[in-house]
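Report on the structure given below.
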Amino acid sequence: MGLHSKYQVALVCVMMLLPAALCYSQGFTPSRATYYGTPDGYGTPSGACGYGYYGRTVNYGKVAAVAGLWRDGAGCGACYQVRCKNSRLCNSYGTMVVATDYGAGDRTDFIMSPNGFKDLGRSASASEELKKYGVVDIEYRRVPCTYAGYNVRVKIHESSRYPDYLAFVILYVPGMNDVTALEIYDNDRHEWKPMRRVYGAVFDIVGAPSGPLMLRLQFSGRTGWVQSSKSAIPGDWKIGASYDSQVHV
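The working numbering applies: residue 790 is where the sequence shown begins, and numbers increase by one.
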């Protein structure tokens, strides 16, 4: 008799000495997916996560709007393997998409960008045929995000007003982690100050401390805080600039 599939996964991971994040064995969840239209196939810069242009082009524009997976904005940036179930038209792996927006469809968990949806097909012609269905049966699972490095990356949101009002967008979180809370260190008062989740992946604080600034974050599935190893944000932070937070999960 052959090995049970879950033991095969474990054995392959041990034999190949792969990083633990790559050796996930989470099962798939059945659902449905559809797509929205954009002229060039990429995402939309007006997504509810607050990513702006980054949300249009991240992961080569293979992005999706989610509803049940939104989790009040904590689901922004999560990565999912999505594959459709029509064996004649769909390839075996499917595609990996990043959640960048909120959207509820006809009993769907994913409303995908054209670039993401077309990757479900075996070929270009198969992808065009899938589009004619409008909604397709799929299965999905959460997978590690690995497309942008090893540390959490943040961007100074365009609504910020130097030096008093500061808003961050959490652009990227490695692995399979959701940011549940964010604090910033006040160098003058020697204390941590909480930042408010405004919407999606956007956090802000009125009366921002003077920089350089150190961050700490809480993540789902973990206890305690994870702190930047050094001052991650310069004192003369710039609106629209992105920074490596120095936080590794």
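We put the beta carbon where it would ideally sit given N, CA and C, even for glycine.
Keep in mind it's a predicted model, so treat the numbers as computed, not measured.
Residues near residue i in its chain [Cβ-Cβ closer than 6 angstroms; skip 5 each side]
| i | result |
| --- | --- |
| Gly892 | Ala854 and Ile900 |
| Arg1005 | Glu972, Trp1014 and Gln1016 |
| Val908 | Reading the sequence as shown, one finds Asp at residue 908 and not Val. Thr884. |
Residue i - DSSP class collapsed to helix/strand/coil
| i | result |
| --- | --- |
| Ser1031 | strand |
| Tyr974 | strand |
| Gly923 | coil |
| Gly964 | strand |
| Ala810 | Because the pLDDT at Ala810 is just 38, under 50, the model does not fix this residue reliably, and the value given afterwards should be weighed accordingly. Correct three-state label for Ala810: helix. |
| Lys907 | helix |
Beta carbon of residue i nearer than 8 angstroms to that of residue j
| i | j | result |
| --- | --- | --- |
| Ala888 | Ala867 | yes |
| Thr823 | Gly910 | no |
| Ser999 | Asp977 | yes |
| Val943 | Leu960 | yes |
| Val925 | Cys873 | yes |
| Arg821 | Arg896 | yes |
Reference residue i, options the options, closest by Cα
| i | options | result |
| --- | --- | --- |
| Thr827 | Arg845, Gly816 and Val987 | Arg845 |
| Phe817 | Glu928, Cys934 and Pro983 | Glu928 |
| His1037 | Val847, Pro834 and Ala1021 | Ala1021 |
| Lys1019 | Ser912, Cys879, Tyr1032 and Pro903 | Tyr1032 |
| Asp953 | Val941, Asp1025, Ala997 and Tyr849 | Ala997 |
| His979 | Asn848, Met1003, Tyr831 and Val847 | Met1003 |
| Phe957 | Glu918, Phe906, Lys921 and Ser1034 | Ser1034 |
| Asp1025 | Pro1001, Thr969, Asp908 and Gly894 | Pro1001 |
Close beta carbons around residue i, own chain, < 7 angstroms, minus the five adjacent residues each side
| i | result |
| --- | --- |
| Pro1023 | Gly1000 and Pro1001 |
| Gly905 | Lys851, Val852, Ala853, Thr884 and Val886 |
Item to check | beta strand (DSSP E) runs wholly inside the segment 814 to 902, at least 3 long, in chain order | outcome: 818 to 824, 852 to 855, 868 to 873, 884 to 891 and 899 to 901
Checklist entry - If you scan the segment 926 to 952 from start to end, which runs of the beta strand (DSSP E) of 3 or more residues do you find wholly inside it? => result 942 to 945
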